[in-house]
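Presented below is the structure to which this report refers.
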Amino acid sequence: MKQTECPICHEQTNVLHHILFTIGDHSDYQIRKCANCRNVYTFFDTEINIAEYYDDKDYIVRDTQKTIFFRLQKFEYRKVIHKIQKLISKQNQSLLDFGSGKGLFLHFAKEEGFEVKGVETSLPRANYAKEKFELTINTDNYFKGKIFDDAFIVITCFHVLEHLTDPNNLLKNLVADNLKNEGLLLIEVPNFKSWQSKWAGKDWLHLDVPRHLSHFSRNQLKKIIEHAGCKIIKQEFFSWHLGIIGMIQTLFSFFGYRKSLIIDLKEKKSFQLIFCIILIFPIAILLESIAAFNKRGGIIRFYAVKRKN
255 MKQTECPICH EQTNVLHHIL FTIGDHSDYQ IRKCANCRNV YTFFDTEINI AEYYDDKDYI
315 VRDTQKTIFF RLQKFEYRKV IHKIQKLISK QNQSLLDFGS GKGLFLHFAK EEGFEVKGVE
375 TSLPRANYAK EKFELTINTD NYFKGKIFDD AFIVITCFHV LEHLTDPNNL LKNLVADNLK
435 NEGLLLIEVP NFKSWQSKWA GKDWLHLDVP RHLSHFSRNQ LKKIIEHAGC KIIKQEFFSW
495 HLGIIGMIQT LFSFFGYRKS LIIDLKEKKS FQLIFCIILI FPIAILLESI AAFNKRGGII
555 RFYAVKRKN
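Yeah, the sequence shown ends on 563 if you go by my numbering, and it's all consecutive.
Here it is in structure tokens:
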């Protein structure tokens, strides 16, 4: 695939799109801002096999249940689930996780009493979720229409929109056909306007090109959610795993660290790495907390309600 147009408005590059910076030794990827809708996106005009970028070591399926990263995910996801429960009817707790990965969030939601189903096009991840957690996962590529027989009272979408070639229309179709009226939509994406993004620049952990096609700001994500027919009722900018880890890696980058902290936490767990994380952890929490208070945390998490038709 190539990406030579904005994924949101699909404006072609014959309009001057401002280049924010380039990534790669030969400027393989450019981070551009659309002149039409102001969305920031990844530009590349060389044909690549995007599937290969989801099969490399960064995205390979691992059983991480004994790792620090898993414990952070569990802690955070349970807090999010409890917030969801406060915002919906106790009588109906059906939940669809779109882009469910290995099924961790669905697994924790199921333990909290939700009736859960997922959508995941990566077969290794979907199979892990089915076999490890006995979850119902649809593996078809989604464009529009109903995914399962019934609509859901909750749809969650964690770090998916930034991977899509047409997130605006896909989310609109997903909500229209699969979320009940006055149902809850939860969207989380990396925050391109975060302090850690500003400080790390092209080395930011959550830039992740070419897999991340769009790099959202708060205003851009709000437009997409409203286009899908939803009203935002709650917003958060703090994440215990992706936010704090992103800030730690940003601080590490000041000392020449150029690896992926997430991968190192999943794989190596060396004494030196753990010691450095413990040393800088309080500073990362303080900085990320202040950043989140100013809406500049590493992630954007919006809770929204679907308007009645």
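Every residue, glycine too, gets a C-beta built ideally from N, C-alpha and C.
I'd like to check one pair, residue j with residue i: are the Cβ atoms closer than 8 angstroms?
i	j	result
L274	R292	no
I401	N395	no
L427	K398	It is Asn, not Leu, that sits at residue 427 in the sequence shown. Against a cut-off of 8 angstroms, the Cβ pair of K398 and N427 comes out as a contact.
D518	L527	yes
L350	I409	yes
R472	I544	no
P464	T296	yes
H460	G551	no
F323	I516	yes
I479	I486	yes
F368	C411	no
How big is the Cα-Cα spacing for residue i and residue j?
i	j	result
W449	F492	12 angstroms
A558	L415	15 angstroms
K256	Q503	29 angstroms
R332	F547	21 angstroms
G437	R561	8 angstroms
A383	K477	32 angstroms
R470	V443	Residue identity differs from the one stated: residue 470 is Phe in this sequence, not Arg. If you take the alpha carbons of F470 and V443, they lie about 7 angstroms apart.
C530	S507	13 angstroms
N564	F387	The question about residue 564 has no answer, for the chain in this structure spans 255 to 563.
P536	T258	41 angstroms
G510	L418	31 angstroms
Q266	N563	33 angstroms
F298	H272	14 angstroms
F446	K452	8 angstroms
S514	A305	20 angstroms
H481	L424	11 angstroms
Q474	H264	14 angstroms
R512	L439	35 angstroms
G483	I441	14 angstroms
I534	W458	17 angstroms
G500	N346	35 angstroms
K340	L270	46 angstroms
D403	Y308	30 angstroms
Can you name the residues that DSSP bridges to residue i?
i	result
H272	K287
R555	E442 and E490
S468	Y295
D457	None, per the DSSP bridge assignment.
T410	D351 and L440
V373	F352 and N392
Q450	Paired residue(s): none; Q450 is not in a bridge.
C484	K560
Which term fits residue i, buried or exposed, when burial requires 16 or more other beta carbons within 10 angstroms of its beta carbon?
i	result
D282	exposed
Q327	buried
E330	buried
I222	No answer is possible for residue 222: it lies beyond the span of the chain, which begins at 255 and ends at 563.
S524	exposed
V429	buried
Under 7 angstroms Cβ to Cβ from residue i, same chain only, skipping five residues before and after it: list those, please.
i	result
I498	A538, I539 and E542
F406	S348, L349, L350, N432, L433, K434 and G437
V315	K356, P378, R379 and Y382
T375	T393 and N395
W494	L326, F329 and E330
Excluding the five sequence neighbours on either side, which residues of its own chain have a C-beta within less than 8 angstroms of the C-beta of residue i, listed in chain order?
i	result
L389	S354, G357, L360, H361, K364, V370, K371, G372 and A383
K456	F275, T276, I277 and I285
S343	I407
In chain order, what residues of the same chain have a beta carbon less than 6 angstroms from the beta carbon of residue i, not counting five sequence neighbours either side?
i	result
I262	C291, N293 and N422
H466	E416
A454	T504 and S507
E301	K256
C260	C288, N293 and Y295
Q570	Because the chain is modelled from 255 through 563, residue 570 falls outside the range shown and cannot be assessed.
Measuring only from the beta carbon, is residue i closer than 7 angstroms to any heavy atom that is part of the ligand NAP?
i	result
E265	Within the structure as shown, the ligand NAP is missing, as the structure has no ligands at all.
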